[in-house]
Amino acid sequence: MKNIKELWFWSRLVICPILILHGVYVIGKLVGNSLVSQSGLPNLDSSHFVPLAGAFCALNVLFYTWKEAKARFSVKK
């Protein structure tokens, strides 16, 4: 059971930043398309909404994991 918890801890530290970067890419793509097009902001569909929601959730999980890592690896004097 401890190995599964360790694997989950380290995978969160790897997967969450990737999901956040994908969400930032989608936001940049939307902003870039809105600046180039004459019609203004494009409509959000599921291909835009899902990565943005995933990035938001990944950001929350990353903050939780970061707090857990600070508690786990803190040096006690």
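Here this note's numbering is used: the first residue of the sequence shown is 120, the next is one more, and so on. Ideal placement from N, C-alpha and C gives every residue a C-beta, glycine not left out. No experiment lies behind these values; they were computed from the predicted model shown.
Pair within 7 angstroms by beta-carbon distance, Leu171 and Gly142: Yes, the Cβ-Cβ distance between Leu171 and Gly142 is below 7 angstroms.
Span of the alpha helix (DSSP H) around Pro136: Start and end: 121–155.
Euclidean distance between Cα positions of Leu212 and Thr184: One cannot answer for residue 212 here, as it falls past the ends of the chain, which runs 120 to 196.
Backbone CA spacing between Ile137 and Ser193 [nearest angstrom]: If you take the alpha carbons of Ile137 and Ser193, they lie about 25 angstroms apart.
Straight-line gap, Asn122 to Trp129 (C-alpha atoms, nearest Å): If I take the Cα positions, the gap works out to 11 angstroms.
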